[in-house]
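For any residue, its number in this note's numbering is found by taking its place in the sequence shown, counting from 1, and adding 204. Each residue gets a CB set at the ideal place from its N, CA and C atoms; glycine is no exception. Model, not experiment: these values are computed from the prediction.
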Amino acid sequence: MLHAMSTTPEPAAERSADEVNEEIRALWARSGGTLTMEERQVYQTLVLEWAAASSPQSTKAA
205 MLHAMSTTPE PAAERSADEV NEEIRALWAR SGGTLTMEER QVYQTLVLEW
255 AAASSPQSTK AA
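In structure tokens:
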């Protein structure tokens, strides 16, 4: 039996907004300011991850 594979990578562990932001900055630096279609998809995924990590609901009470 074949199983469908997700095309959306699942993060191994939740990252902080700062960690995701650093990856976004690195992506832009590597691209020279112009993203390819593939890089745009990565960027969009990173922005969604950053937004989730930045939301007040993502902070855990100690």
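For residue i, report the span of its alpha helix (DSSP H) as first-last.
i: Q248; result: 241-258
Measure the Cβ-Cβ separation of residue i and residue j and say whether it is below 7 Å.
i: A230; j: A257; result: no
Let me know the secondary structure DSSP gives residue i once reduced to three states.
i: R219; result: coil
i: S235; result: helix
i: A265; result: With a pLDDT of only 48 at A265, under the threshold of 50, the placement of this residue in the model should not be trusted; the figure read from the coordinates follows. Of the three classes helix, strand and coil, the one that applies to A265 here is coil, per DSSP.
Return yes when the C-beta of residue i is under 6 Å from any heavy atom of the ligand ATP, and no when it is not.
i: T240; result: What this structure holds is no ligand at all, so the ligand ATP is not there to describe.
Once the 5 residues before and after residue i are set aside, which same chain residues still bring their CB inside 8 Å of it?
i: V224; result: L250, E253, W254, A257
i: E243; result: L231, S235
i: A265; result: With a pLDDT of 48 at A265, under the threshold of 50, the predicted position of this residue should be treated as unreliable, though the coordinate-derived value follows. If we look at A265 and ignore the five residues flanking it on each side, it has no Cβ neighbours.
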